[in-house]
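In this note's numbering, the protein residues as written are 246 to 801.
Glycine residues also receive a C-beta, built at the ideal position from the N, C-alpha and C atoms.
Here the structure is a predicted model, which is why all the values come from computation and not from measurement.
Contents: one structure, followed by commentary.
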Amino acid sequence: MNSMAQSIDQLVTISHSNAEQQVLNSLEIPYLPAGFHACSGEKLASEPLVLLHGWGSDSQCWQLFGVQLNQHFDLHVIDLPGFGGNQDLSMTLDALLPLLPKTGIYLGWSLGGMLAAQLAHAYPQRVAALVTIAANAKFSESEDWPYAMPTAIFDNFKKTTQINTEKTLKRFAQLVGHSDTEDSIHAKSTLKSVRAFYSDAYNSDQHYALGLDWLNSIDNRQAYEQSIVPGLHLFASGDQLVPIACAAPLKLLNQSAPVVHEFEVLKGCHALHLENPAQLIASVCDFIQRVKPERSKASVAKSFSDAAQSYDASAQFQRDVGDELLDAFRENKNDNINTILDLGCGTGFFTSQLQSCENKNTGDQQVYALDIASGMLSKAKAVNSKNALFVQADAENLPLKNHSIDQIYSNLAIQWCENPAKLLAEIFRVMSTNGQAHLSTLGPKSLNELKLSWQKVDCHQHINQFIDGEILLHTAQKVGFANVELTRVFKTLYFNDVKTLMREFKDIGAHNVNRGRAKGLSGKRNFQMLSQAYESLREDAGLPLTYEVYYLHLVK
246 MNSMAQSIDQ LVTISHSNAE QQVLNSLEIP YLPAGFHACS GEKLASEPLV LLHGWGSDSQ
306 CWQLFGVQLN QHFDLHVIDL PGFGGNQDLS MTLDALLPLL PKTGIYLGWS LGGMLAAQLA
366 HAYPQRVAAL VTIAANAKFS ESEDWPYAMP TAIFDNFKKT TQINTEKTLK RFAQLVGHSD
426 TEDSIHAKST LKSVRAFYSD AYNSDQHYAL GLDWLNSIDN RQAYEQSIVP GLHLFASGDQ
486 LVPIACAAPL KLLNQSAPVV HEFEVLKGCH ALHLENPAQL IASVCDFIQR VKPERSKASV
546 AKSFSDAAQS YDASAQFQRD VGDELLDAFR ENKNDNINTI LDLGCGTGFF TSQLQSCENK
606 NTGDQQVYAL DIASGMLSKA KAVNSKNALF VQADAENLPL KNHSIDQIYS NLAIQWCENP
666 AKLLAEIFRV MSTNGQAHLS TLGPKSLNEL KLSWQKVDCH QHINQFIDGE ILLHTAQKVG
726 FANVELTRVF KTLYFNDVKT LMREFKDIGA HNVNRGRAKG LSGKRNFQML SQAYESLRED
786 AGLPLTYEVY YLHLVK
């Protein structure tokens, strides 16, 4: 019977044999203190991994698990408000923000996992990926969420904490470290580790009572339903505090989210990171490697720079989409705009046309043309005689002041960005009040004919992956835009043969820059097989290639 159905006073102290006690006493428990720790090995991600601990503990709780994680990631180890070295009793998400990096991968245990999920929901642009360990949507049950600690048990626990915090914390440590493993030495060493960090973390009664209120106030069901951040949620089979019965309804909640998460149950106790660190680290590293940015920005920049001279001659599709976007831009243009940003300006074909969108009051305005590819900017400068300002920069890190841009135009550029939340947050930041953005981008159904044909040749990823419109819509709303409109159209081009089709991709710089692509040339035989597979799709007009195009209109 799960001990959540018992009073916390009914816990049984575990006794050790003399031999077992000698083994346990010989254990040294390393840990990383709160602060930043540079990766000690081969780094798996550019973003740091942020560790958020559970209720009643502090940064010491990560112990060897944290040390081992540091071999793969830069770490930001955090003491939550009211715990460890952080004496701030303002236990809110806002109080936590100043301690956190601008962008990171978040791994939280128990209360820390619940806070990490809150952060991913409230500030998705700051969370590259989310991992929770033994974290529920709600810590204690309610009528509409019975998959949690019974209310009576939680209330009794809170009462005993207020009466004698230190004594209750020792008993709580036994719940946290209670394992379903058959290896008694391993189970008892885990319990020893748990007891050690709870004993060392003891602070003051007031902190723990406030922490319990914080823990019990969190309801992350909406965060699971609306997530736009990749997530991995790990549960323990022997958990005495968070029932594994919550995993299935959490997964069901998340099924309707723009980004569907992964859920996994591992053998161990509530302190899963101490009892089963090797498997846990393997799961975390595998997850991060699979969801880290798909494409290299340096590869994107080089690819388009190399294509700068051939781009315009082969970019009729891009021109057609850009013309439609420009019509919408002009139709919705404010009369008194002073600043325009051509975001992802490419060769500057539309930059000069944006310069003609004059302010009706002053007759002029400033146009900024920004692109990540130096070769494209050089071409744009050469063909634009008017006084535009050209800037080489990343759209996810705009070198522009807050509220400095009145209107943004971006034609088929943002699909090359890695993080839609970060991109849209930057657009929102630089836009003036009532400012507008007109963006075109590609959806995931683009190039489907080419994708299907390659699948008959080999198992490599040959086609760039694009973001679904629902994610863009939800992200823009979450970032704070007052009005968000998305229109989807399908446009089909026709080619005489596969060689001509592939040559157009090369001429506009749209190479496959995703992780998982084949290294080196595809080879003559593979190209022949591709051509043969594609021929089965031929129509009267030629070989079809369909683009799913999104037109996004944002108003701040």
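Which residues in the same chain have their Cβ closer than 7 Å to the Cβ of G680, if we skip the five residues on either side of it in sequence? These residues qualify, in order along the chain: I650, D651, Q652 and K801.
Is the stretch 697-717 touching the stretch 501-510, taking contact as three or more C-beta pairs under 8 Å? A contact exists between the stretch 697-717 and the stretch 501-510.
Assuming I378 is part of the beta strand (DSSP E), what are its boundary residues? Following the DSSP letters along the chain, one finds I378 inside the beta strand (DSSP E) bounded by residues V372 to I378.
How would you label L201, buried or exposed, when you count the other beta carbons within 10 angstroms and need 16 or more for buried? Outside the displayed span of the chain (246 to 801) sits residue 201, for which this structure offers no information.
Rounded C-alpha distance that separates Y779 from V566: Answer to the nearest angstrom: the Cα atoms are 25 Å apart.
Could you check the C-alpha separation between D752 and K547 for me, to the nearest Å? Counting only the Cα atoms, K547 lies some 13 Å from D752.
Return yes when the Cβ of T720 is within less than 8 Å of the Cβ of P665, no when it is not. Cβ distance < 8 Å, so P665 and T720 count as in contact.
Cα-Cα, which of A362, A553 and P395 is closest to Q471? It is A362 whose Cα lies nearest to the Cα of Q471.
For the stretch 654-672 against the stretch 585-599, are there 3 or more C-beta pairs whose distance is under 8 Å? Counting Cβ pairs under 8 Å, three or more are found: they touch.
Where does F281 sit, in a helix, a strand or coil, going by DSSP? Correct three-state label for F281: strand.
Using 8 Å as the threshold, is the C-beta distance between L277 and G357 below it? A distance of 8 Å or more separates the beta carbons of L277 and G357.
Between L497 and the ligand PLP, is there a pair consisting of the residue's CB and a ligand heavy atom that are separated by less than 7 Å? Among the components modelled here there is no ligand, and therefore nothing to report on the ligand PLP.
Quick one: grab the DSSP three-state call for R733. DSSP places R733 within a strand segment (E or B) once states are collapsed to three.
To the nearest angstrom, how far is it from the Cα of T337 to the Cα of N409? C-alpha separation (whole angstroms): 25 Å.
Mind the definition here: the stretch 472-492 touches the stretch 373-387 only if three or more C-beta pairs lie below 8 Å; say whether that holds. Counting Cβ pairs under 8 Å, three or more are found: they touch.
Give the secondary structure of D752 by DSSP, where H, G and I count as helix, E and B as strand, and everything else as coil. Under the three-state reduction of DSSP, D752 is assigned to helix.
Apart from the five residues on each side of it in sequence, which residues of its chain come closer than 7 Å, Cβ to Cβ, to D517? The question names Asp, but residue 517 in the sequence shown is Leu. If you ignore the 5 residues before and after L517, its C-beta comes within less than 7 Å of the C-beta of I378, A379, L479, A481, L511 and L525, all in its own chain and listed in chain order.
Which listed residue (K404, G768, L571 and N741) has its alpha carbon closest to that of L782: Taking each of K404, G768, L571 and N741 in turn and checking the Cα distance to L782, the smallest one comes out for N741.
Compute the distance between the beta-carbons of T596 and N629, then report whether it is under 8 Å. Closer than 8 Å, so yes.
Helix, strand or coil, according to DSSP, for W661 in the structure here? Helix, per DSSP.
Own chain, CB closer than 7 Å to C662, minus 5 neighbours either side, in chain order: Non-local beta-carbon contacts of C662 in its own chain, meaning distances under 7 Å to residues more than five positions away in sequence, involve A640, E641 and L668 in chain order.
What number of angstroms, rounded off, separates the C-alpha of S550 from the C-alpha of E749? Their backbone Cα atoms lie some 15 Å apart in a straight line.
By the three-class DSSP mapping on this structure, what secondary structure does N629 have? Three-state DSSP puts N629 in coil, outside helix and strand.
C-beta neighbour in chain C for L692, strict 8 Å: Here there is only one protein chain, and chain C is not present.
Is it true that the CB of A397 sits closer than 8 Å to the CB of D219? The displayed coordinates of the chain run from 246 to 801. Any statement about residue 219 would go beyond what the structure contains.
Between the C-alpha atoms of G765 and V322, what's the straight-line distance to the nearest angstrom? Low confidence applies here, because G765 scores a pLDDT of 43, under 50, leaving its location unreliable; read the following figure in that light. Taking the straight line joining both Cα atoms gives about 40 Å.
Do the stretch 329-336 and the stretch 346-356 make contact, defined as three or more Cβ pairs closer than 8 Å? Contact fails: fewer than three Cβ-Cβ distances are below 8 Å.
Is I672 closer than 8 Å to A638 when the C-beta atoms are compared? No; because the gap between Cβ atoms is not below 8 Å, this pair is not in contact.
With DSSP as the reference, identify every bridge partner of A614, one or two as the case may be. Answer is D587 and F635, bridged to A614.
Taking the beta strand (DSSP E) that F480 belongs to, which residues open and close that run? Counting along the chain, the beta strand (DSSP E) containing F480 begins and ends at G476 to A481.
What are the boundary residues of the beta strand (DSSP E) that includes F508? Run containing F508: E507 to L511, per the beta strand (DSSP E) assignment.
Return the chain-ordered ranges of every beta strand (DSSP E) run that is complete within the stretch 640-686 and spans a minimum of 3 residues. If you keep only unbroken beta strand (DSSP E) runs of at least 3 residues inside the stretch 640-686, you get 650-656.
So is E292 buried or exposed if we call it buried at 16+ other beta carbons inside 10 Å? Taking every protein chain shown into account, the CB of E292 has 16 or more other CB atoms within 10 angstroms, so this residue is buried.
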